[in-house]
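Enquirer: For reference, the structure I am asking about is given below.
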Amino acid sequence: MGAPASADEPSFHPYGRRRSPRFLPMNPWLTLPYEPAFAALGPDFYAEVPAAAFPQHRLRWRNDDLLPRLHLNPATVRDEDFVEAFGLFRSDRPFLAMAYHGYQFGQYNPRLGDGRGFLYGQVRGRDGHLYDLGTKGSGQTPYSRHADGRLTLKGAVREILAAEALQRLGVTTSRCLCAIETGEDLWRGDEPSPTRSAVMVRLSRSHVRFGTFERLHYLKRPDLVGKLLDWTMATYYPHLGTPGPDAYGAFYAEVVERTAVLCAQWMVAGFCHAVLNTDNMSIVGESFDYGPYGFLPTYDPRFTAAYFDEMGRYSYGNQPRACYWNLQMLQVPLQAAIAPSP
Numbered sequence: 236m237g238a239p240a241s242a243d244e245p246s247f248h249p250y251g252r253r254r255s256p257r258f259l260p261m262n263p264w265l266t267l268p269y270e271p272a273f274a275a276l277g278p279d280f281y282a283e284v285p286a287a288a289f290p291q292h293r294l295r296w297r298n299d300d301l302l303p304r305l306h307l308n309p310a311t312v313r314d315e316d317f318v319e320a321f322g323l324f325r326s327d328r329p330f331l332a333m334a335y336h337g338y339q340f341g342q343y344n345p346r347l348g349d350g351r352g353f354l355y356g357q358v359r360g361r362d363g364h365l366y367d368l369g370t371k372g373s374g375q376t377p378y379s380r381h382a383d384g385r386l387t388l389k390g391a392v393r394e395i396l397a398a399e400a401l402q403r404l405g406v407t408t409s410r411c412l413c414a415i416e417t418g419e420d421l422w423r424g425d426e427p428s429p430t431r432s433a434v435m436v437r438l439s440r441s442h443v444r445f446g447t448f449e450r451l452h453y454l455k456r457p458d459l460v461g462k463l464l465d466w467t468m469a470t471y472y473p474h475l476g477t478p479g480p481d482a483y484g485a486f487y488a489e490v491v492e493r494t495a496v497l498c499a500q501w502m503v504a505g506f507c508h509a510v511l512n513t514d515n516m517s518i519v520g521e522s523f524d525y526g527p528y529g530f531l532p533t534y535d536p537r538f539t540a541a542y543f544d545e546m547g548r549y550s551y552g553n554q555p556r557a558c559y560w561n562l563q564m565l566q567v568p569l570q571a572a573i574a575p576s577p
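In C-alpha cells:
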C-alpha cells in the first residue's frame, strides 16, 4: 500500500494550467476495459446519476492487493490516479444507482435503492470473473430520500477493517479498493459530530441483491424479474446452461448453497453482520455492506451488534434462521417469473 497522499485538483489535474497532458502518464483506472453489463439491462433497473463535487480529496487507503486481479501493476498506479478516478470522478461513462427494495427487520420497504453510492463500472478480472466497482458516500441519488448521500470516514474505515479481517478468516467477502477523505463536516446521531466525510470504493462480485428481484415483483413486472434472472444466470452462473425450468431450479439451489456456506463462514469466524435484511443479501453469496457489525469477544449466541436491534432478530445465533427466511422470501419473485413446466 502506498503512503497516504493529499491531492487536491489543481496539483495534478491532467488538463490544468500547470502541466501539459503529454508529460503525464495515462491514468490506468480511466483506461480499463469496462463492460456495460448491468447497464445493458436498461433504465428499469437503475438511475443514471452524477457524482458529488467535494472540497477536498485526500487518499487515505489503497488496497494494492486487489490491483493485480484487475490486470494492474500497483507500482504503475499513482495515488493521484485513485483520486482522479474515485474522488474527482473523471469518466465518460454513466454512473448507475441501482434500484432495489427489501425486507428490513421483517417488514417490506419499497423506499430503498442506492442512496449514497453507485455502480462506477464493471471489469473482467484476471480470473475471468466480472467485478463491480461500487462507491459509497459519493453523493445523493433519486433513492436518497432525505439523506445526504455521504459516508463518514469512520464508516469507511470500519468497512475496510471488516472486509480485510473476514477475507483473512476465510469468509467470501467483498473488499475495499480505496477510501478518499473528502473534506466535509457531517452530522450523525450515532457518532461524535461533526465528523469527517469520505468516499469508499468496494470491489465485489456483484451488487445484485435479493431485494433487486423483490422490487420488480412489487412493481408487478414478472417480465423484468425474468429478464434479471436470465441475466444473472448468464453473468454469474453460466455453468448452469441455458435458462429453463431445470436451470432455474439449479440456480435457486446454488443460491441456497452459497448463502448457507457464507452463513457458516460467519459463524466459524465469530462474526455478526447485524443487518441481514434482504437488500443486504447478495445473489452470488458474497458478504458485503458492513455497518454495525461485530466480532464476538466471547461465545454468546445472543450477541447483537446493532444497538437498534432490540429484539435480537439478527443476533449472532439467529443468523442461520435469518438467511433461511430471506431465501424463502426470494422464492416469491422467482416463482412469479418462472412459468411452471407443462
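Using our numbering, the first residue of the sequence shown is number 236, and each one after it goes up by one.
Glycine is no exception: its CB is placed at the ideal position from the N, C-alpha and C atoms.
If you're wondering where the values come from, they're calculated on a predicted model, not measured in any experiment.
TYR453 lies in the alpha helix (DSSP H); which residues open and close that run?
Expert: Run containing TYR453: 445-453, per the alpha helix (DSSP H) assignment.
Enquirer: Rounded to the nearest angstrom, what separates GLY363 and GLY369 at their Cα positions?
Expert: Those two C-alpha atoms are separated by around 19 Å.
Enquirer: Suppose you measure from the CA of PRO577 to the CA of LEU454; what does that come to, to the nearest Å?
Expert: Interpretation of PRO577 is limited by its pLDDT of 49, a score under 50 that renders its predicted location unreliable; the figure taken from the coordinates is listed afterwards. The straight-line gap from Cα to Cα measures roughly 27 Å.
Enquirer: Check ARG293 in the structure and name its three-state DSSP category.
Expert: Strand.
Enquirer: Would you call the CB atoms of GLN402 and ARG410 closer than 8 Å?
Expert: Cβ distance < 8 Å, so GLN402 and ARG410 count as in contact.
Enquirer: Select from GLN375, MET468, GLY405 and LEU386 the residue whose C-alpha is nearest the C-alpha of SER428.
Expert: Comparing Cα-Cα distances from SER428 to each of GLN375, MET468, GLY405 and LEU386, the minimum goes to LEU386.
Enquirer: Would you call the region 527-540 and the region 559-571 touching, i.e. three or more CB-CB distances under 8 Å?
Expert: With the cut-off at 8 Å, the region 527-540 and the region 559-571 do not touch.
Enquirer: Helix, strand or coil, according to DSSP, for TYR355 in the structure here?
Expert: Note: TYR355 maps to strand in three-state DSSP.
Enquirer: Could you check how far apart the C-beta atoms of THR417 and GLN291 are, in whole angstroms? I think they sit under 8 Å.
Expert: Indeed they touch by this definition, with Cβ atoms about 6 Å apart.
Enquirer: Which word fits PRO568, buried or exposed, when buried means at least 16 other C-beta atoms lie within 10 angstroms of its C-beta?
Expert: Label assigned to PRO568: buried.
Enquirer: Could you please give the first and the last residue of the uninterrupted alpha helix (DSSP H) stretch that includes THR467?
Expert: Unbroken alpha helix (DSSP H) run through THR467: 457-471.
Enquirer: Identify, in the order they occur along the chain, each residue of the same chain with its Cβ nearer than 7 Å to the Cβ of PRO457, setting aside the five sequence neighbours on each side.
Expert: The residues are ALA571 and ALA572.
Enquirer: So for GLU270, helix, strand or coil by DSSP?
Expert: In this structure, GLU270 counts as coil in the three-state DSSP scheme.
Enquirer: Going by DSSP, name the residue or residues bridged to ARG431.
Expert: Looking at the DSSP assignment, ARG431 forms a beta bridge with ASP420.
Enquirer: In chain order, what residues of the same chain have a beta carbon less than 7 Å from the beta carbon of PHE289, not counting five sequence neighbours either side?
Expert: Result list for PHE289: GLY322, THR417, GLY418 and GLU419, in chain order.
Enquirer: Take PHE523 as the anchor and find which of LEU331, PHE506 and LYS389 has the nearest alpha-carbon.
Expert: When each option's Cα is compared against that of PHE523, the closest is PHE506.
Enquirer: Please specify which runs of the alpha helix (DSSP H), each continuous and at least 4 residues long, are wholly inside the region 298-372, giving them in chain order.
Expert: Counting whole runs of 4 or more residues, the region 298-372 contains the alpha helix (DSSP H) stretches 314-321.
Enquirer: CA-CA distance, ALA202 and SER517?
Expert: Examination of residue 202 is not possible in this model, given that the chain is present from 236 through 577 alone.
Enquirer: Using 8 Å as the threshold, is the C-beta distance between ARG361 and HIS442 below it?
Expert: Contact flag unset, no.
Enquirer: Using a 10 Å radius around the Cβ and a threshold of 16 neighbouring Cβ atoms, would you call TRP196 buried or exposed?
Expert: Absent from the model: residue 196. The displayed extent of the chain is 236 to 577, so no value can be given.
Enquirer: In angstroms with no decimal places, state the Cα-to-Cα distance between SER432 and LEU388.
Expert: So the alpha carbons of these two residues sit roughly 5 Å apart.
Enquirer: Specify the secondary structure class of ALA400 as computed by DSSP and reduced to three states.
Expert: In the structure shown, ALA400 sits in a helix (DSSP, three-state: H, G or I).
Enquirer: What's the C-alpha gap between LEU354 and SER379?
Expert: When rounded, the distance between both Cα atoms is 15 Å.
Enquirer: Please confirm whether PRO536 and TYR551 have their CB atoms less than 8 Å apart.
Expert: Cβ atoms of PRO536 and TYR551: closer than 8 Å.
Enquirer: Could you compute how far the alpha carbon of PRO256 sits from the alpha carbon of ASN262?
Expert: The pLDDT assigned to PRO256 is 45, lower than 50, so where the model puts this residue is not dependable; a value taken from the coordinates is nonetheless given after this. The straight-line gap from Cα to Cα measures roughly 11 Å.
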